[in-house]
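Right, one structure below, let's go through it.
2 protein chains.
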Amino acid sequence: MKQRLGRSSIKYDRDVYILNSASIVGKKEGEGPLGLLFDLVGDDDMFGCNTWEEAESSLQKDAVYLALEKAALKADDISIVFAGDLLGQSIATSFGISSYGIPLMGVYGACSTCGESLAAGSMSIAGEFADKVLCVTSSHFASAEKEFRFPLEYGNQRPLSASWTVTGSGAFILSGSIPADGRVRARISGITIGKVVDYGLKDSMNMGACMAPAAASTIEQHLIDFDSQPEDYDKIITGDLGSVGQTALFDLLKKKGIDISERHMDCGIEIFDANEQDTHSGGSGCGCSAVTLSAYILKQLEEGNWKKVLFAPTGALLSKTSFNEGMSVPGICHALVIESV
Amino acid sequence: MKQRLGRSSIKYDRDVYILNSASIVGKKEGEGPLGLLFDLVGDDDMFGCNTWEEAESSLQKDAVYLALEKAALKADDISIVFAGDLLGQSIATSFGISSYGIPLMGVYGACSTCGESLAAGSMSIAGEFADKVLCVTSSHFASAEKEFRFPLEYGNQRPLSASWTVTGSGAFILSGSIPADGRVRARISGITIGKVVDYGLKDSMNMGACMAPAAASTIEQHLIDFDSQPEDYDKIITGDLGSVGQTALFDLLKKKGIDISERHMDCGIEIFDANEQDTHSGGSGCGCSAVTLSAYILKQLEEGNWKKVLFAPTGALLSKTSFNEGMSVPGICHALVIESV
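Sequence order for the protein chains is V and R.
In my numbering, each residue carries its 1-based index in the first sequence increased by 1259.
In my numbering, each residue carries its 1-based index in the second sequence increased by 1259.
Structure below.
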């Protein structure tokens, strides 16, 4: 077990680079604080398609296209694509990436899927199973509301704890080697794989609170496994806890004697201006952490503003069926150590 | 890339063993031709639960419990569980395995998920990321009918091309080392990761035909990558093509000059007596290939009746939403080389 570290973590003894990446978002995300950083912003959220699900598929397709183009690679250069989304049976992925003809490993971890795909992808590089893999995830506000809550036409009132699912997709090309021009965006040096954590909360309009215990569990386990302190990271970044979940995360970690409040960032809080854009607790969805990583976090690492971050996307493991049957909403969180090169 | 082989395949240069496994099935499966081989057969398909979804979760929980017990291991001995099911947002998995507290990587490949979980799990062993991992998948007739087709209460007529989703779960413990008593069930020596293959078929009552092109693609790619012939395998085993899909598979491969008809076996054909049990084209679901692998295929390898098989579970990538929106039903198939030890 030369690469294993502690109960839940792996520290790679081989280099895993994020060679390049791409982000594509909807109109509302384009109008948010990070709007100018995304590679492509849609004019509307249909992206020329007939249904929201097709639109989400086209997001994945376009994100992969852009990432390949930016890395000057073809689909045939990629050994495996690790991909997933929030829809039942991951249909955004099935229809989004099929035309590329790349061997597919479908992953599911709700909104943590961006982290899971990068964890699985980086393992395949570090294990010498591939030299180049793709990791892509997506979410779409309208397809997610239909999948998990109410039809948009119903016009339901959203409580202040609710988050706004990000319309967007981020695609990442991982590589075991540095290309001739020496350009890579960052390096993944280790991962912590999360467990299902269930505090018994049942409110699908307060996903931040449902996921905060999982984020606390994974961050604590990560610090134990890597024998590190919060100060060892320039930022500790969760996926989509939003402002409500952030408060819960700080409280849970403080009880363990861990204070991350000075260096915590949440992609869901960053991507929208909650007051101006009426997004309540913040952004959410696989797409939220994926596009923020590609457009903003990797940029900070490239520019040397940050040296090392812990990127920990969070997911709420519910379905319409489990919710309607009165089940709780367990959470999961996978974390990656991403460093500047 | 010391372990990579060809476009889509990996040949492990380290040993990956199936240490032990367990199978649990419903009443109908227990009455089928393989009935006496399963570890546990339920008295009814509710397994003491209030809903079908909870029942499916309990299948995963019990299969993991049995597999751990048979291997004399505790949950804490397992580094990662690779798990998935057919339900939206994989809720059978989330609620089924949460109590074990094992780091979870959720996988989705429709009915091919058993193959995908074993492929991902074996990579984590061969890559030296873990010494022991669990791979578990499930399906349930009633939760699947509700998820994909009609409520059972509707009493719809099933066409002869329809398959019958197996109620069952199979759990497998993979290990990088042989235990002190020298007992392992088999060895995974390589994998071929499938692509999404879409022939444009749209009939969710004929999944065999939808999945056959993916099975043909993966089997052909496997033979190319491993520079092997059908004769090199005692059996080439698909997951749940059923009798309709089997015919299509033979036809598609014959066009490529490949004849597997003498050594093909389909778990969906084996698990039920289609005439006596009124299951039409055969059994299907993640559980179908998982319980057949655990109860029947590994037994044949242990007893020396077979030396080497290609195990290739097939999946149909549809959701209720994609079907209702008129989309096609693409297929995917992941293959593993499993050898006697």
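All C-beta atoms, glycine included, are put in the ideal place defined by N, C-alpha and C.
Keep in mind it's a predicted model, so treat the numbers as computed, not measured.
Using a C-beta cutoff of 8 Å, does residue i count as contacting chain R?
i: Val1455 of chain V; result: yes
i: Gly1343 of chain V; result: yes
i: Arg1263 of chain V; result: yes
i: Val1425 of chain V; result: no
i: Ile1269 of chain V; result: yes
i: Phe1354 of chain V; result: yes
i: Met1470 of chain V; result: no
i: Gly1360 of chain V; result: yes
i: Glu1375 of chain V; result: yes
i: Leu1433 of chain V; result: no
Within 8 Å (strictly less), CB to CB, does residue i reach chain V?
i: Phe1570 of chain R; result: no
i: Lys1579 of chain R; result: yes
i: Phe1485 of chain R; result: no
i: Phe1601 of chain R; result: Nothing about residue 1601 of chain R can be read from this structure; chain R reaches only from 1260 to 1600.
i: Ser1543 of chain R; result: no
i: Gln1319 of chain R; result: no
i: Met1382 of chain R; result: yes
i: Thr1573 of chain R; result: no
i: Val1366 of chain R; result: yes
i: Leu1511 of chain R; result: no
i: Glu1404 of chain R; result: no
i: Ile1591 of chain R; result: yes
i: Ser1357 of chain R; result: yes
i: Gln1505 of chain R; result: no
i: Met1524 of chain R; result: no
Check the DSSP bridge columns for residue i and list the partner residues they point to.
i: Asn1279 of chain V; result: V:Ile1432
i: Glu1598 of chain R; result: R:Arg1446 and R:Lys1567
i: Val1366 of chain R; result: V:Val1366
i: Thr1451 of chain V; result: V:Ser1268 and V:Ala1594
i: Gly1504 of chain V; result: According to DSSP, which records beta bridges pairwise, Gly1504 of chain V is partnered with nothing at all.
i: Asp1344 of chain V; result: V:Ser1397
i: Ser1543 of chain V; result: V:Thr1424
Measure how close the beta-carbons of residue i and residue j come, nearest whole angstrom, since I'm counting them as under 8 Å.
i: Ala1389 of chain R; j: Arg1266 of chain V; result: The pair is not a contact, with the Cβ atoms about 11 Å apart (cut-off 8 Å).
i: Lys1286 of chain V; j: Gly1301 of chain V; result: 6 Å
i: Ile1530 of chain R; j: Gly1368 of chain R; result: Going by Cβ atoms, the distance from Ile1530 of chain R to Gly1368 of chain R rounds to 19 Å, so no, they are not a contact pair.
i: Leu1511 of chain R; j: Ile1277 of chain R; result: Not a contact, Cβ separation roughly 30 Å.
i: Val1366 of chain V; j: Gly1386 of chain V; result: No, Val1366 of chain V and Gly1386 of chain V are not in contact; Cβ-Cβ is about 16 Å, not under 8 Å.
i: Ser1280 of chain V; j: Gly1429 of chain V; result: 6 Å
i: Leu1363 of chain R; j: Ile1356 of chain R; result: 6 Å
i: Ile1350 of chain V; j: Thr1580 of chain R; result: 7 Å
i: Leu1393 of chain R; j: Val1340 of chain R; result: 4 Å
Report all residues from its chain with a CB closer than 6 Å to the CB of residue i; omit the five preceding and five following residues, and keep chain order.
i: Gly1501 of chain R; result: Ser1422, Gly1467, Gly1527, Ser1540 and Gly1541
i: Asp1321 of chain V; result: Ile1283
i: His1523 of chain R; result: Ile1495
i: Lys1270 of chain R; result: Leu1264 and Gly1449
i: Arg1273 of chain V; result: Ala1385
Keeping to the same chain, check which residues put their C-beta closer than 7 Å to that of residue i; ignore five residues upstream and five downstream.
i: Ile1452 of chain V; result: Ser1267, Ala1378 and His1593
i: Asp1532 of chain R; result: Gly1291 and Pro1292
i: Val1503 of chain R; result: Ser1420, Asn1465, Gly1467, Ala1468 and Ser1540
i: His1481 of chain R; result: Ser1268, Thr1451, Leu1569 and Ala1594
i: Ile1437 of chain R; result: Tyr1276 and Val1443
i: Thr1573 of chain V; result: Cys1370, Ser1371, Met1470, Ala1473, Ala1474, Thr1497, Gly1498, Asp1499, Leu1500, Gly1590 and Cys1592
i: Lys1333 of chain V; result: Leu1327
i: Ile1611 of chain V; result: Here chain V has residues from 1260 to 1600 only, and residue 1611 of chain V is not among them.
What do you get for residue i, buried or exposed, if any count of 16 or more other CB atoms within 10 angstroms of its CB means buried?
i: Tyr1413 of chain V; result: exposed
i: Gln1348 of chain R; result: buried
i: Gly1516 of chain R; result: exposed
i: Glu1535 of chain R; result: exposed
i: Phe1409 of chain R; result: exposed
i: Gly1585 of chain V; result: exposed
i: Asn1415 of chain R; result: exposed
i: Lys1513 of chain V; result: exposed
i: Gly1427 of chain R; result: buried
i: Asp1537 of chain R; result: exposed
i: Ala1439 of chain V; result: exposed
i: Glu1328 of chain R; result: exposed
i: Gly1563 of chain V; result: exposed
i: Gly1459 of chain R; result: exposed
i: Ala1331 of chain R; result: exposed
i: Gly1544 of chain V; result: buried
i: Gly1441 of chain R; result: exposed
With a threshold of 8 Å on Cβ separation, who are the neighbours of residue i within its own chain once the five nearest residues in sequence on each side are excluded?
i: Ala1561 of chain R; result: With the sequence shown as reference, residue 1561 of chain R is identified as Glu, and Ala is not the correct amino acid for it. Correct list, in chain order: Arg1444, Ala1445 and Ser1599.
i: Val1455 of chain V; result: Ala1473, Leu1576, Pro1589, Gly1590 and Ile1591
i: Ser1358 of chain R; result: Lys1320
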